[in-house]
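Below is one structure, written out as structure tokens; comments come after it.
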Amino acid sequence: MGSKLRRLGRYVNVNAVLRYVEERRHEDGGYCFVSVLSDTNVNDTYYAVKIYKLLGLEFPKPEKTIEFLASAIQPQTAVVAIAMALEGLALLGAKDTAREKTEIVFTKYNPSEGKFAVGLGGSEEFGTATPLEATYWVTKAFDAVGLKFNPDERDAIREFVMKFRNGNGYGVKQPTTTMTYQALFTLYILGYRPPKSPHFRNCELCGDWGGFTEVPYSLPPYLEPTFYATRGLELQDETPTCPRRHVWFIRQLWNSNGGFRRSLELGISNFQNTYRALAVVDFMSRFV
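Every letter in the sequence shown is one number past the one before it in the UniProt record's numbering, and letter 186, counting from 1, is 186.
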């Protein structure tokens with residue numbers, strides 16, 4: 001793991017990133033990206049875990065964070081947050097605890113009954129979660145804790161995901177990078193092998209920009225589609241056209257507090273952006 005830290009350290013101030021995260025840890029084991037606030041939350045805590053996992057570092061005081069995530073899984077919790085908490089528990093080595101909590105998912109998400117997230121609540125990307133986003137997160141969480149959907153559930157999920165097929169990608173009115181990756185990832189995890197999508201390459205910006213866009217042939221690039229397109233290329237075993245330029249783009253998103261923002265324009269750091277920035281650099285630096 002030392003080699004990964006050295007590789008990332010060529011492009012990113014890893015020590016500054018770690019200080020940024022560590023300063024936002026609270027006594028309850030949770031995290032809040034706005035350090036002065038005490039309202040720790042699942043999203044920030046999940047991405048703190050993911051950052052340490054990506055860097056290959058031991059997570060500080062994992063028992064407290066396991067307790068925090070387990071207690072956050074409640075009937076009123078949004079399904080995306082429940083899925084994040086389950087995956088976070090698995091990453092911290094508490095798969096048994098996570099499995100004990102999975103039944104609550106089926107009160108909100110039950111594909112065999114045609115329920116693709118009842119009372120969707122909060123979202124990572126859109127304000128209110130879409131059913132496809134919820135499907136992606138639940139599938140990812142179940143994979144992390146080592147649980148499988150039964151054949152009927154798998155078929156129902158596949159049928160549901162395929163409703164979003166749109167040309168060369170997946171989306172509602174048009175294919176988008178986020179929804180295309182979420183759909184393909186879900187299908188791959190379920191054991192299906194859909195055709196490779198050219199969507200990610202069509203959204204790649206080289207030249208003066210770097211990064212990726214949500215829809216083809218548009219500007220400007222943002223961190224979210226850059227992250228999902230990177231994941232999409234990796235999923236499809238493809239290589240980026242201009243990895244150095246993408247690393248350059250990510251470096252421009254760094255803020256002096258050690259975190260990353262989502263665009264080339266001014267913006268605040270948060271844990272989600274910081275994890276995604278590191279993940280993109282981790283992938284792109286393999287080809288530089």
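Positions of the beta carbon are idealized from the N, C-alpha and C atoms, including for glycine.
- Annotated three-state conformation of Glu-204 is strand, per DSSP.
- The shortest C-alpha to C-alpha distance from Gly-93 to any of Lys-108, Ser-112, Ala-70, Thr-40 is the one to Ala-70.
- If you draw a 10 Å sphere on the C-beta of Glu-23, you find fewer than 16 other C-beta atoms in it, and that means exposed.
- The residues Gly-258, in chain order, have a CB closer than 6 Å to that of Arg-19 in the same chain once the five nearest residues on each side in sequence are set aside.
- In the three-state reduction of the DSSP assignment, Arg-165 falls in the strand class, which pools E and B.
- Between the region 42 to 62 and the region 272 to 279, the count of Cβ pairs shorter than 8 Å is three or higher; the stretches touch.
- Setting aside the 5 residues that flank it on each side, Thr-139 is surrounded in the same chain by Thr-186, Ile-189, each with a C-beta closer than 6 Å to its C-beta; the list follows chain order.
- In this structure, Glu-224 is the residue among Thr-178, Val-145, Glu-224 with its C-alpha nearest to the C-alpha of Arg-261.
- Counted as a single uninterrupted DSSP element, the alpha helix (DSSP H) harbouring Asp-143 occupies residues 131 to 145.
- Rounded to whole angstroms, the Cβ separation of Asp-44 and Phe-227 is 17 Å, and the two are not in contact under 8 Å.
- When the five nearest sequence neighbours on each side are left out, the beta carbons in the same chain lying within less than 8 Å of the beta carbon of Gln-236 are those of Leu-184, Lys-196, Ser-197, Phe-200, in order along the chain.
- Asn-15 and Ser-285 have their C-alpha atoms roughly 18 Å apart.
- Assigned with DSSP and collapsed to three states, Pro-111 falls in helix.
- Relative to the Cα of Leu-86, the nearest Cα in the group Thr-239, Thr-102, Tyr-222, Leu-264 belongs to Thr-102.
- Counting other Cβ atoms within 10 Å of its Cβ, Tyr-109 reaches 16 or more and is therefore classed as buried.
- Under the three-state reduction of DSSP output, Phe-287 falls in the coil class, being neither helix nor strand.
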